[in-house]
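**Q**
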Amino acid sequence: MKRHSEEYFGEQRDYWWNRDFLELMAKRWRLDNIGLVLDVGCGIGHWGQLLASILPKHSKVIGVDRESDWVDKAQVRAKNLGLDKRYSYKKGDAQNLPFKDNHFDLVTCQTVLMHVKDPKAVLKEMLRVLKPKGLLMVAEPNNLASAMVKSNVDAKWPIQIILDTVKFQLICDKGKQALGEGSNSVGDFVPGYFSELGLEQIQVYISDKAWPLYPPYKSKEQQVILKQSLEWLERDFWIWDKEDTKRFFMAGDGTEKEFKEFWSRAMKYNKIYKQAYKQKNFSSGGGGMTYLVSGRKP
Ligand SMILES: C[S@@+](CC[C@H](N)C(=O)[O-])C[C@H]1O[C@@H](n2cnc3c(N)ncnc32)[C@H](O)[C@@H]1O
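In the working numbering, each residue carries its 1-based index in the sequence shown increased by 20.
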């Protein structure tokens, strides 16, 4: 069986942030006196371990995830990065964190609220284990924004194609929420949840990271992105695999007929993109939208 977010734990995840941007954020968040950190829905450790370079050297990080496989892999990854003395992992549910109240100086998550039924309830639970005056900080996307990012290949395609893609994505997102599996654009709502939960000093930023591709795709980063994109384009894959996409689309009140039409068109476009990649004739600014929202517990 597929494990949660498996498709997105490839090498490309190492290129999600600009390090100098995170250094700037560390100053804005005043991370210098953080001691104990909780990384909720840690996956195989990318986010929490990335923070190692901006957290004080004496700080300790605990990661929790409900998938025991991910917890094991995160521990191995921490060891490989020489972080195993500071980093430990355990199985746990974000909605019922296995920690006492008022325990951590910083509680954080990346792309986790977008997968849960009730993101505000998860934030409330994260807040419970945070010390008074502690920092709650989350990185969550608006993934719909990416649907409007164009490339040289699709620049002159009819407007209706873009609108259909956006509509399809909106229907899938509605279905994903109806199934209790979260919203891919939850980032838009996080500042409001922070305010409703009574957080103070709320700050909202957007990551300055883009993932441009332009021939001859020379950098290591472009090579990694290209390889991953080609791997997805080689098979029945869109944002999700065919089975999940259909599940979300139907739950969002789409019809079987619409799904079939959309999917066969999407796979046709995939072939066009694939050809352009292979012929080294694809370029795009590769913009994305990830919010960083933070606040202090009163
Ligand atoms: C997209 S991944 C993000 C992983 C990691 N935060 C990162 O950015 O690399 C989402 C993770 O959330 C975990 N997850 C989803 N719902 C959860 C829950 N209720 N409790 C704990 N973990 C959960 C999944 O198992 C998965 O590892």
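Glycine included, each C-beta is placed from N, C-alpha and C at the ideal position.
Please read these numbers as outputs of a predicted model, since none were measured by experiment.
Which residues bound the alpha helix (DSSP H) around LYS262?
**A** Mapped onto the sequence shown, residue 262 falls at position 242. Note, LYS262: alpha helix (DSSP H), 262–271.
**Q** For chain D, is any of its Cβ atoms less than 8 Å away from the one on LYS137?
**A** Absence of chain D from the displayed structure is noted, only one protein chain being present.
**Q** Does DSSP classify LEU58 as helix, strand or coil?
**A** Numbered from 1 along the sequence shown, position 38 holds the residue referred to as residue 58. Three-state result, LEU58: strand.
**Q** In terms of DSSP beta bridges, what is ASP193 paired with?
**A** Locating residue 193 in the sequence shown gives position 173, counting from the first residue. Answer is none; ASP193 lacks a bridge partner.
**Q** VAL210: beta carbon under 7 Å from a heavy atom of ligand 1?
**A** Residue numbering aside, residue 210 sits at position 190 when the sequence shown is read from its first letter. No, ligand 1 has no heavy atom inside 7 Å of this Cβ.
**Q** Are the CB atoms of LEU155 and VAL210 within a distance shorter than 8 Å?
**A** What you label residue 210 is simply residue 190 of the sequence shown in a count that begins at 1. What you label residue 155 is simply residue 135 of the sequence shown in a count that begins at 1. No, the pair does not count as a contact, with Cβ atoms beyond the cut-off.
**Q** Between the Cα of LYS170 and those of TYR293, GLU241, ASP264, spot the shortest distance and give me the residue it belongs to.
**A** As a first step, residue 170 must be located in the sequence shown, where it is residue number 150. Among TYR293, GLU241, ASP264, the Cα nearest to that of LYS170 is on TYR293.
**Q** Check the C-beta distance from ARG148 over to ASP113 and give it rounded, since I have them as a contact under 8 Å.
**A** Indexing the sequence shown from 1 puts residue 148 at position 128. Indexing the sequence shown from 1 puts residue 113 at position 93. Actually they do not touch by this definition, with Cβ atoms about 13 Å apart.
**Q** Taking 7 Å as the cut-off, is the beta-carbon of ALA114 closer than that to any non-hydrogen atom of ligand 1?
**A** Against the sequence shown, residue 114 aligns to sequence position 94. At least one heavy atom of ligand 1 is nearer than 7 Å to the Cβ of ALA114, so yes.
**Q** In the DSSP output, which residue or residues are listed as bridge partners for GLN243?
**A** As a working note, residue 243 is residue 223 in the sequence shown. Per DSSP, none; premise fails for GLN243.
**Q** Report buried or exposed for ALA94, applying the criterion of at least 16 other Cβ atoms within 10 angstroms of its Cβ.
**A** Walking along the sequence shown from the start, residue 94 turns up at place 74. Per the 10 Å Cβ criterion, buried.
**Q** Under the criterion of a Cβ to heavy atom distance below 7 Å, does VAL132 qualify as lining ligand 1?
**A** Sequence index remark: in the sequence shown, residue 132 carries index 112 (1-based). VAL132 Cβ: within cutoff of ligand 1.
**Q** Is the beta carbon of LYS165 less than 8 Å from the beta carbon of MET270?
**A** Locating residue 165 in the sequence shown gives position 145, counting from the first residue. Locating residue 270 in the sequence shown gives position 250, counting from the first residue. One point to set straight first is that residue 165 is Ala, not Lys, in the sequence displayed. Result no, Cβ atoms of ALA165 and MET270 do not sit closer than 8 Å.
**Q** Does DSSP put SER108 in a helix, in a strand, or in coil?
**A** Taking the sequence shown and counting its residues from 1, one reaches residue 108 at position 88. Of the three classes helix, strand and coil, the one that applies to SER108 here is strand, per DSSP.
**Q** Take THR185 and list the residues in its own chain whose beta-carbon comes closer than 7 Å to its own, dropping the five residues that flank it on each side.
**A** Locating residue 185 in the sequence shown gives position 165, counting from the first residue. Cβ neighbours of THR185 beyond the five flanking positions: ALA167.
**Q** Out of LYS137, TYR289, LYS194, TRP49, which one is the CA nearest neighbour of LEU75?
**A** Counting from one through the sequence shown, the residue named residue 75 turns up at place 55. With distances taken between Cα atoms, LEU75 lies closest to TRP49.
**Q** Residue ranges of each beta strand (DSSP E) run of no fewer than 3 residues wholly in the stretch 91–165, ordered along the chain?
**A** Correct list: 107–111, 124–130, 150–161.
**Q** Less than 8 Å between the beta carbons of GLY315 and LEU219, yes or no?
**A** Here residue 315 refers to the residue found at position 295 when the sequence shown is read from its first residue. Here residue 219 refers to the residue found at position 199 when the sequence shown is read from its first residue. A contact, by the Cβ cut-off of 8 Å.
**Q** Can you confirm whether the stretch 245–256 touches the stretch 49–58 when touching is taken to mean that 3 or more C-beta pairs between the two stretches lie within less than 8 Å?
**A** The stretch 49–58 vs the stretch 245–256: no contact.
**Q** Between the Cα of ALA141 and the Cα atoms of LEU217, GLU26, ARG33, which residue gives the shortest distance?
**A** The residue given as residue 141 occupies position 121 in the sequence shown. The shortest Cα separation from ALA141 among LEU217, GLU26, ARG33 belongs to LEU217.
**Q** Measuring CB to CB, does GLU160 end up less than 8 Å from LEU117?
**A** Residue 160 sits at position 140 when you count from the first residue of the sequence shown. Residue 117 sits at position 97 when you count from the first residue of the sequence shown. Taking 8 Å as the Cβ cut-off, GLU160 and LEU117 do not qualify as a contacting pair.
**Q** Since LYS151 and ASP174 are thought to touch, with beta carbons under 8 Å apart, how far apart are those beta carbons, to the nearest angstrom?
**A** Translated into positions along the sequence shown, residue 151 becomes position 131. Translated into positions along the sequence shown, residue 174 becomes position 154. Incorrect: roughly 49 Å between the Cβ atoms, too far for contact.
**Q** Helix or strand or just coil, what does DSSP make of LEU312?
**A** Here the question's residue 312 lines up with position 292 in the sequence shown. The answer is strand: DSSP assigns LEU312 an E or B state.
**Q** Return yes when the C-beta of ASP85 is under 7 Å from any heavy atom of ligand 1, and no when it is not.
**A** Taking the first residue of the sequence shown as 1, we reach residue 85 at position 65. Under cutoff, so the answer is yes.
**Q** Report whether the distance from the Cβ of VAL57 to the nearest heavy atom of ligand 1 is below 7 Å.
**A** Counting from 1 along the sequence shown, the entry for residue 57 is found at position 37. Result no, Cβ not under 7 Å from ligand 1.
**Q** With ILE323 and PHE29 assumed to form a contact (beta carbons below 8 Å), what rounded beta-carbon distance in angstroms separates them?
**A** Outside the displayed span of the chain (21 to 318) sits residue 323, for which this structure offers no information.
**Q** Tell me whether HIS135 counts as near ligand 1, meaning its Cβ is closer than 7 Å to at least one heavy atom of that ligand.
**A** Counted from its first residue, the sequence shown places residue 135 at position 115. Answer for HIS135: yes, Cβ within range of ligand 1.
**Q** Per the contact definition of three or more C-beta pairs closer than 8 Å, is the stretch 253–269 in contact with the stretch 192–200?
**A** Judged by Cβ distances under 8 Å, the stretch 192–200 makes contact with the stretch 253–269, as three or more pairs qualify.
**Q** Is ILE181 helix, strand or coil when you go by DSSP?
**A** As a working mapping, residue 181 is identified with position 161 in the sequence shown. Note: ILE181 maps to helix in three-state DSSP.
**Q** Can you check which of these residues, TRP231, SER249, ALA198, GLU241, is closest to ARG267 by C-alpha distance?
**A** Sequence index remark: in the sequence shown, residue 267 carries index 247 (1-based). That would be ALA198, whose Cα lies nearest to the Cα of ARG267.
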